[in-house]
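Input: a single structure, listed below in structure tokens.
Protein chains: 4
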Amino acid sequence: MLRYWTAGESHGKCLLALIDGFPAGFEINTDKIDELLVMRQGGYGRGKRQTLEQDHVDVLTGVWNNITLGAPITLKVPNNDYKLERLKELPRPRPGHGDLSGSLKYLSSMRGILERASARETCVRVAAGALCQQLLESFGIQTLGYVVQLGGLKIPGKEGTLVQRKAWRNESEIYSLNPDLDGEAKTLIDETKKAGDTLGGVIEVVVEGLPFGLGTHAQWDRKLDGKLAQAVMAVQAIKGVEIGMGFEAAGLPGSQVHDGIQYESSEKSTANLGYVRPTNNAGGLEAGMTNGQPLVIRAAKKPISTLQTPLESIDMETKQPSKASYERSDVCALSAASIIIEGVVAFEIAAALIDKFGGDSIEEMKARWDLFHEMAGEK
Amino acid sequence: MLRYWTAGESHGKCLLALIDGFPAGFEINTDKIDELLVMRQGGYGRGKRQTLEQDHVDVLTGVWNNITLGAPITLKVPNNDYKLERLKELPRPRPGHGDLSGSLKYLSSMRGILERASARETCVRVAAGALCQQLLESFGIQTLGYVVQLGGLKIPGKEGTLVQRKAWRNESEIYSLNPDLDGEAKTLIDETKKAGDTLGGVIEVVVEGLPFGLGTHAQWDRKLDGKLAQAVMAVQAIKGVEIGMGFEAAGLPGSQVHDGIQYESSEKSTANLGYVRPTNNAGGLEAGMTNGQPLVIRAAKKPISTLQTPLESIDMETKQPSKASYERSDVCALSAASIIIEGVVAFEIAAALIDKFGGDSIEEMKARWDLFHEMAGEK
Amino acid sequence: MLRYWTAGESHGKCLLALIDGFPAGFEINTDKIDELLVMRQGGYGRGKRQTLEQDHVDVLTGVWNNITLGAPITLKVPNNDYKLERLKELPRPRPGHGDLSGSLKYLSSMRGILERASARETCVRVAAGALCQQLLESFGIQTLGYVVQLGGLKIPGKEGTLVQRKAWRNESEIYSLNPDLDGEAKTLIDETKKAGDTLGGVIEVVVEGLPFGLGTHAQWDRKLDGKLAQAVMAVQAIKGVEIGMGFEAAGLPGSQVHDGIQYESSEKSTANLGYVRPTNNAGGLEAGMTNGQPLVIRAAKKPISTLQTPLESIDMETKQPSKASYERSDVCALSAASIIIEGVVAFEIAAALIDKFGGDSIEEMKARWDLFHEMAGEK
Amino acid sequence: MLRYWTAGESHGKCLLALIDGFPAGFEINTDKIDELLVMRQGGYGRGKRQTLEQDHVDVLTGVWNNITLGAPITLKVPNNDYKLERLKELPRPRPGHGDLSGSLKYLSSMRGILERASARETCVRVAAGALCQQLLESFGIQTLGYVVQLGGLKIPGKEGTLVQRKAWRNESEIYSLNPDLDGEAKTLIDETKKAGDTLGGVIEVVVEGLPFGLGTHAQWDRKLDGKLAQAVMAVQAIKGVEIGMGFEAAGLPGSQVHDGIQYESSEKSTANLGYVRPTNNAGGLEAGMTNGQPLVIRAAKKPISTLQTPLESIDMETKQPSKASYERSDVCALSAASIIIEGVVAFEIAAALIDKFGGDSIEEMKARWDLFHEMAGEK
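Spelled out as structure tokens, the structure:
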């Protein structure tokens with residue numbers, strides 16, 4: 135059972151992820167984690183804070199000379215901008231944030247709420263996800279997140295292998311699969327900034343190389359589609375999640391939605407065991423289980439809640455109308471979101487992989503992977 | 135902590151929900167549970183099976199003369215159509231179902247998978263949800279699920295109070311909020327049936343009367359938006375979930391999305407404590423917490439996977455192309471889905487309510503509800 | 135992940151255990167479950183109720199022609215003595231029971247508390263445990279519970295193979311490992327009954343054939359010794375748990391406690407992989423993991439709390455001194471406890487086995503068992 | 135819901151405890167945490183390592199100027215003796231440790247196992263427990279752990295108020311409740327050291343000021359006795375747990391065990407609500423719930439597993455007989471164990487308190503505490 139929690143405040147000492155149940159004997163590459171941390175800070179349209187921090191991960195526990203021990207792994211990302219103790223209470227709640235609800239629920243200051251609710255926390259979710267991506271890659275499973283829509287602007291990706299698509303994503307300043315379209319997107323961001331406004335958009339994550347049977351149909355709280363939806367929706371600012379065709383499937387007849395089943399021994403791979411689907415409208419999940427096809431999941435991110443032209447709010451002391459407090463913020467953090475959603479999806483997939491193949495050691499996991507594919511291949 | 139699991143097969147003896155952590159001292163109305171069970175079986179476009187069963191709930195445990203004991207409650211819905219032992223293996227996997235993936239994962243028969251994966255299981259999720267709705271109602275919290283889109287046909291609801299909307303939903307054969315539009319919808323279903331095809335659509339659930347502060351921002355796995363997304367996505371055939379504006383919010387600038395904050399002592403209610411939002415694009419959730427506004431959540435249901443004109447499949451023995459097996463099915467179960475999603479949402483809200491106000495006794499919960507609103511009202 | 139909850143009241147319709155995560159493809163023998171249910175009702179010194187009930191299990195869900203489906207399994211034991219609706223409130227709390235604490239906590243009747251707190255509930259824990267014992271046996275793992283002390287009377291068992299010891303246990307009316315000593319024990323019970331008093335004692339459970347590495351040292355809540363202690367202590371009337379030498383180890387120097395490590399290729403078995411321990415004072419668990427030796431765990435059961443010569447109590451209405459209410463009860467249920475503790479231990483071991491070897495199908499579990507022993511055997 | 139995990143290796147960078155669900159608005163006193171950390175390192179009979187470290191806690195997350203935020207709290211204890219990367223593999227498994235089982239389970243080095251299995255980890259369990267003790271104290275709930283038996287030597291405590299007993303415990307070099315008896319105990323430790331041997335013993339923890347109704351009878355995995363047993367047994371080297379009379383209760387008739395119930399309005403306190411028990415053989419727990427009496431729990435600690443005169447082992451490479459590897463160790467860490475068990479018990483009690491009274495804010499918890507005692511007092 136792989137599980138994790140995070141801790142830390144936006145301007146506190148650090149952010150932490152404690153990961154329990156990661157297999158032993160796996161060599162961690164922290165540089166590759168840092169690469170994703172840096173990508174999370176990047177993308178066109180970020181504010182000043184991202185240049186203050188140059189995130190890097192410190193592996194506090196669970197490894198011996200970079201090899202995992204089967205013990206809990208703690209990933210720490212220090213806050214260069216640590217100044218929590220000096221900060222003041224936030225006087226006016228910001229629409230779109232948890233300031234108001236949190237301070238009522240906890241009968242507390244709004245500062246205390248926003249420090250924890252802040253998307254700064256996602257840096258350690260990226261770190262945890264990056265660690266899981268390394269595990270997945272050792273099984274030939276690849277995860278890639280990218281922008282498919284910026285505000286009202288759709289950004290169709292170029293078609294190519296996952297390696298090619300990853301290269302395009304990394305090349306694009308927007309983190310789309312089509313760097314050629316960056317110009318239009320950047321203009322939109324610039325104009326939005328000028329207007330004192332903010333942008334959201336849509337992220338897509340694809341996972342390739344998945345075996346059959348991650349997740350299960352047997353109990354509602356163990357279905358992989360449910361777990362993925364929770365993980366994605368629990369990311370700051372996400373308001374929608376869809377798998378495969380998603381909402382589009384709701385509008386079409388069954389004959390245009392469901393993916394036929396074929397068997398082609400010539401196309402047999404570990405992932406598909408020879409079962410071929412001419413389409414993948416299900417997005418790789420049927421009945422809460424992976425079906426040997428690529429997983430495709432999309433998330434809708436609302437525009438950033440903190441606007442330079444502040445929204446209507448009140449003063450909490452007087453309850454009189456007043457502009458919302460302004461905390462330093464970005465115009466658009468959609469590119470970052472593609473890295474974050476990639477990370478939380480990778481975590482859930484790794485958890486499902488460990489659920490299926492065990493989590494004691496990478497050596498045993500791999501032997502079991504082969505064993506399962508032999509046994510399932512004979513059915 | 136309120137939690138539940140279900141058990142049971144489509145053609146087994148019964149379906150069961152075991153609910154742990156429900157407060158003591160609450161009088162259960164089983165007739166009202168049965169009403170929702172019957173609604174789940176209804177709606178225009180259902181197949182023959184729904185007339186075979188006339189679902190009713192049997193409360194096996196946890197009550198004494200209909201009063202809850204604080205002990206686990208077991209809700210049982212018997213299968214009139216119990217015949218599992220006589221059923222045969224399914225020879226050809228059905229696209230859109232878990233038949234193939236499940237039988238590979240469990241190295242088992244496909245019959246065993248489909249019997250558990252079947253949407254028949256949702257009857258006890260409705261029962262569990264109906265029980266929770268009664269609890270919520272005793273706090274003035276109302277839940278309502280309805281159809282807003284059938285296949286490609288949008289069905290805008292009429293505006294009215296929740297009581298009025300519920301009446302329209304109950305009147306409509308489609309379970310929309312506009313019975314006047316039933317005709318067009320029924321025609322679409324009839325035509326789809328004639329074509330041997332199936333339909334999905336979009337469900338919306340609204341919850342009114344919610345207090346501030348259900349859920350939390352503090353840890354990813356305790357955020358209410360994440361929990362709701364899991365619960366809804368884990369319902370059979372659901373491929374998308376969105377909260378408030380959802381995917382639409384991704385396409386708009388922040389100034390058109392975020393809901394201003396006002397304070398109007400004249401409009402003070404238990405739910406809003408006087409904090410008024412001119413819009414509710416957030417759908418009642420900010421930073422993983424309820425914000426005193428109605429919760430609005432939508433689910434995309436794919437068309438039913440079993441088509442009378444069967445989809446392309448293979449024979450599992452020979453691996454040769456063959457039409458998918460046909461198991462008795464509906465053309466459209468979207469109306470049912472509105473009751474089911476209503477149920478799983480009600481469950482999660484009740485769980486969050488108990489998380490906030492405790493779950494030992496209804497008497498103590500109510501006193502704490504008042505206490506909290508006093509304390510939060512003074513902030 | 136194997137997990138279970140129970141539901142049901144002492145005089146309600148039935149008791150239920152819902153077991154989630156049991157592997158597919160396993161043939162259940164309900165007769166063998168019933169045998170243990172009947173043993174739980176037996177043993178010298180039981181009261182009249184045990185003759186009213188003749189417990190048998192009904193498998194409501196999760197099987198198809200007795201073969202498990204990988205779906206949740208529901209075990210139901212009906213109450214022949216169902217009469218809950220006709221029962222009256224208990225006026226005077228019984229010392230040793232939860233009557234008083236429960237009614238204050240839940241602001242409820244004491245009847246409602248006692249109905250759920252009653253040891254009648256253990257029948258379905260025995261059923262769940264019996265199911266798990268069948269799973270364990272298919273891996274050559276045997277579980278046996280027996281009485282080692284009745285009140286102040288120690289009943290040393292005879293030495294023999296586990297098969298022999300089981301035969302003696304089943305032969306003994308006390309469920310000890312020495313039926314020859316039944317006479318003295320029965321006299322003690324008879325005298326205690328005459329005195330209007332009750333008896334407890336000490337149970338021992340041994341599990342043989344365990345592999346290395348069930349449980350883990352890595353996180354406190356996944357240690358097998360902790361899980362076993364929880365499971366055993368959470369059985370009604372248990373006030374102490376010890377593993378291996380237990381409390382005796384506290385009084386001896388390390389040189390007399392710790393079990394040396396030897397390697398004897400000639401004594402290599404699946405369980406020990408050739409690692410031999412001349413003693414087993416650790417009781418099969420070191421650092422929260424099984425160590426290839428038999429698990430030995432003991433539980434202290436307090437005397438039955440309901441005495442025919444009632445204890446000092448009060449009337450809840452008047453708060454005046456009064457004798458405790460009397461609910462039909464036994465003089466001694468220690469023999470039953472040996473079956474119950476055997477059951478809950480078997481459940482935890484099965485859960486740990488599934489944690490290590492997976493729980494999708496019995497076929498895959500067995501292949502992985504072999505694989506692990508090959509891999510670990512090469513170290 | 136209060137929950138926690140730990141992370142860290144014995145010679146790694148640090149140990150960590152991540153605590154989720156701690157209420158907001160509570161002022162943390164880190165000096166008092168450090169006091170218990172230092173006590174954990176003390177007691178007569180400790181080895182050299184304890185002088186190398188001078189443990190202190192660093193609160194990494196979850197507070198703002200020492201006030202809790204309702205966010206996850208991370209407690210870090212740095213290892214002054216950090217040298218993990220330079221350490222070598224352990225060649226010969228040590229009896230009583232997880233070296234052998236762990237390395238087989240994880241197909242890994244033994245060094246990796248021992249680093250995590252080490253009792254060094256308990257420093258952060260003490261820290262987490264110390265934090266919880268502060269919370270409990272604000273409700274008038276006091277926790278105290280002490281030694282009652284050292285090896286074969288019983289050390290009866292002096293009778294007095296909890297404040298007095300705490301003073302004696304803090305004065306005693308053994309951490310018993312009778313510093314006058316330290317001499318005999320120290321002699322035993324000295325002699326054991328000379329003999330190259332080690333000692334264990336028995337710890338008792340008492341919790342006073344508990345309200346009625348922490349824990350529940352309703353479900354096996356929510357019973358407080360089970361949770362306490364898990365927490366205590368999962369501490370390194372603990373082999374037995376008993377509550378109240380414990381194993382002694384097994385040997386006595388019911389009339390000498392169960393605690394009568396009286397009502398004395400003159401002795402009414404928050405904890406007991408006027409319900410007085412002339413004895414407390416149940417140790418404060420009946421049916422898995424607190425009963426208004428002091429909680430009394432005892433743990434049996436086996437002697438330290440690493441002996442200066444090494445135990446019989448093998449060389450893992452050659453499988454030939456060889457003396458166990460020696461890792462720097464203590465003769466006796468029983469005094470430390472009293473602080474550790476005090477800590478884990480305090481954690482479980484705090485978790486149960488939050489389960490009953492909520493965990494959003496200390497302010498709301500206190501108001502609910504009063505409310506409950508009013509409501510329950512009227513029964």
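Line order of the protein sequences matches chains A, B, C and D.
Each residue of the first sequence is one higher than the one before, starting from 135 at the first, in this note's numbering.
Each residue of the second sequence is one higher than the one before, starting from 135 at the first, in this note's numbering.
Each residue of the third sequence is one higher than the one before, starting from 135 at the first, in this note's numbering.
Each residue of the fourth sequence is one higher than the one before, starting from 135 at the first, in this note's numbering.
Yeah, the Cβ is synthetic: ideal placement off N, Cα and C, and Gly gets one too.
On a predicted model such as this, the values are computed, not experimentally measured, just so you know.
With a beta-carbon spacing of about 5 Å, C:K435 and C:A471 fall inside the 8 Å limit used to define contacts. Those residues of the stretch 151–184 of chain D placed with their C-beta closer than 7 Å to a C-beta in chain A are L152, D154, A158 and G159, ordered along the chain.
Within the same chain, A434 come within 6 Å of B:G374 by CB-CB distance, once the 5 residues on both sides are set aside.
Classified as buried, A:K239 has 16 or more neighbouring CB atoms from the shown chains inside 10 Å of its CB. In the DSSP assignment, D:T164 falls outside any beta strand (DSSP E) and lies within the alpha helix (DSSP H) extending over T164 to Q175. For C:G196, the closest Cβ of chain B is nearer than 8 Å.
When the Cα atoms are used, B:C148 and C:A151 turn out to be separated by approximately 15 Å. C:N199 has a beta carbon lying within less than 8 Å of a beta carbon in chain B.
DSSP places B:T326 in the uninterrupted alpha helix (DSSP H) bounded by D316 to K328. Residue contact check for D:G142 against chain A: a CB pair falls below 8 Å. Listed in chain order, the positions of the stretch 494–510 of chain B with a beta carbon within less than 8 Å of a beta carbon of chain D are D494, E497, E498, A501, R502, L505, F506 and M509. Contacts between B:F491 and chain A, judged by CB atoms closer than 8 Å, are missing: the closest CB pair is about 12 Å apart. Contacts with chain D at 8 Å (Cβ-Cβ) include A:E219. Boundaries of the beta strand (DSSP E) around A:K435: L429 to K435. Checking the DSSP bridge columns, you'll see B:Q396 partnered with B:V410. Within 8 Å of the CB of C:M423, the CB atoms of chain D belong to G232, S235, G236 and K239, in sequence order along the chain.
Residues are counted here when their Cβ sits less than 9 Å from a Cβ of chain B; for the stretch 374–386 of chain A these are G374, V375, E376, I377, G378, M379, G380, F381, E382, A383, A384, G385 and L386, given in chain order. In this structure, the alpha-carbon of C:Q175 lies about 8 Å from that of C:D189. Here B:A151 is bridged, per DSSP, to B:T140 and B:L209. Counting only Cβ-Cβ distances below 9 Å, B:Q353 has contacts in chain D at D154, G155, A205 and P206, in chain order. Interface with chain B (8 Å Cβ-Cβ cutoff): D:M244 is excluded.
Neighbours of A:T326 in chain B, taken as residues whose beta carbon is under 9 Å from its own, are P387 and G388 in chain order.
The Cβ neighbour count for C:Q454, taken over all protein chains shown within 10 Å, is under 16; the residue is labelled exposed.
Secondary structure within the stretch 447–489 of chain D: the beta strand (DSSP E) runs of 3 or more consecutive residues, fully enclosed, are 455–457 (chain order).
Residues of the same chain with a CB within less than 7 Å of the CB of D:A363, apart from the 5 flanking positions on each side, are V375 in chain order. Under DSSP, C:Q188 takes part in no beta bridge, so it has no partner. When 9 Å is used as the limit between beta carbons, A:T295 is near no residue of chain B, the shortest such separation being about 25 Å. Annotation: the continuous alpha helix (DSSP H) that includes C:A383 extends over F381 to A384. Nearest neighbour of B:V391 by Cα position, chosen from A:C466, A:G230 and A:T195, turns out to be A:G230.
Contact annotation, B:T443 with B:G330: C-beta distance approximately 3 Å; criterion of less than 8 Å satisfied.
Note on the stretch 231–309 of chain A: whole alpha helix (DSSP H) runs with a minimum of 4 residues are 233–239, 244–251, 256–271 and 296–305, in chain order.
In chain order, G335 and V336 place their CB closer than 6 Å to the CB of A:Q283, counting only its own chain and leaving out the 5 sequence neighbours on each side.
Look at B:A371 here: in three-state DSSP terms it is coil, with no helix or strand label. Along the stretch 424–444 of chain B, the positions whose C-beta sits under 9 Å from a C-beta of chain A are T424, N425, G426, R432, A433, A434, K435, K436, P437, I438, S439, T440, L441 and T443, read in chain order.
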